[in-house]
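Data block below; observations after.
Numbering (the numbering used here), first residue to last: 2 to 251.
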């Protein structure tokens with residue numbers, strides 16, 4: 002797992018997104034993305050923080066459009082007001098844990114949901130036996146792997162070593178690993194084996210190796226969010242998903 006963070010940049014690139022800029026000019030009736038793109042490039046090159054009529058005229062020429070002086074005055078006034086709004090937005094502290102403004106909520110108006118905690122009931126599975134070659138279980142579902150772990154046919158450490166070897170073997174070709182948390186995985190596997198041996202089986206995720214997309218923070222490891230500006234970012238907390246998986250013994 003891994004992630005990263007954007008360093009300080011000049012105001013024009015840090016505080017105004019190209020997408021937002023294009024959206025605003027479209028809202029003014031400027032349907033040409035060429036004009037919006039050209040004007041954005043001109044603003045980004047300029048060391049100042051204001052859009053000027055001169056910039057707009059240059060963008061018009063590139064886009065093959067012409068506006069009147071009144072139209073330019075209106076557009077420049079609106080665009081610079083847009084920049085001020087972005088300044089104000091950037092001054093608002095926004096922690097990584099803050100949920101997005103737009104969220105999916107499956108509970109429709111008028112629906113009530115029982116909040117009482119329920120015990121997980123698992124359906125019965127057919128018994129599984131350990132194959133002679135452990136790699137044969139690489140694509141088994143978690144429910145089958147859990148049977149091997151619970152019956153102690155396979156230890157969490159054995160399973161973890163198998164998956165780590167596969168990641169090292171195939172990653173040069175697949176490029177699927179950003180950060181290999183080998184030490185952490187083996188530490189967690191050892192703890193799971195000790196707990197299971199002591200009769201403290203937590204459930205179907207106990208001892209199961211897992212990987213996460215590079216969007217979930219893991220304390221002490223990089224969380225790059227899959228973007229170069231954040232390639233060295235290390236967050237000081239675990240994501241909720243990570244915490245819950247650890248609580249389940251995974």
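Beta carbons are placed, not taken as given, at the ideal position from N, Cα and C, and that holds for glycine.
Identity of the residue in the options nearest residue i by Cα
i	options	result
residue 200	174, 247, 172, 152	152
residue 79	90, 58, 52, 67	52
residue 216	98, 93, 109	98
residue 205	173, 176, 247	247
residue 156	109, 126, 209	209
residue 197	224, 251, 233, 232	251
residue 71	226, 54, 85	54
residue 227	176, 92, 73	176
residue 154	133, 94, 174	133
residue 185	94, 119, 162	162
Between the CA atoms of residue j and residue i - distance to the nearest angstrom
i	j	result
residue 59	residue 81	17 Å
residue 101	residue 131	44 Å
residue 167	residue 193	21 Å
residue 195	residue 189	10 Å
residue 235	residue 214	15 Å
residue 224	residue 110	37 Å
residue 233	residue 240	17 Å
residue 61	residue 245	55 Å
residue 77	residue 104	34 Å
residue 207	residue 137	20 Å
residue 123	residue 92	49 Å
residue 108	residue 69	51 Å
residue 84	residue 243	38 Å
residue 202	residue 164	22 Å
residue 117	residue 191	34 Å
residue 142	residue 172	21 Å
residue 106	residue 113	13 Å
residue 63	residue 96	40 Å
residue 174	residue 86	46 Å
residue 90	residue 249	39 Å
Integer Cβ distance of residue i from residue j, believed to fall under 8 Å
i	j	result
residue 146	residue 160	7 Å
residue 126	residue 144	5 Å
residue 149	residue 129	6 Å
residue 158	residue 121	About 25 Å separates the two Cβ atoms, so there is no contact after all.
Close beta carbons around residue i, own chain, < 8 Å, minus the five adjacent residues each side
i	result
residue 140	none
Beta-carbon proximity list for residue i, same chain, < 7 Å, skipping 5 on both sides
i	result
residue 211	246, 251
residue 238	218, 220
residue 29	At residue 29 the pLDDT is 49, less than 50, meaning the model places this residue with poor confidence and gives no usable figure here.
Residue i CB to nearest heavy atom of the ligand SAH below 7 Å
i	result
residue 242	As far as ligands go, the structure on display features none, and thus does not contain the ligand SAH.
Other residues of its chain near residue i: CB distance less than 6 Å, five sequence neighbours each side excluded
i	result
residue 253	Look at the range of the chain in this structure, 2 to 251, and you will see that residue 253 is not part of it.
### Task
Mind the definition here: the segment 218-238 touches the segment 179-186 only if three or more C-beta pairs lie below 8 Å; say whether that holds.
Taking 8 Å as the limit for Cβ pairs, the verdict is that the segment 179-186 does touch the segment 218-238.
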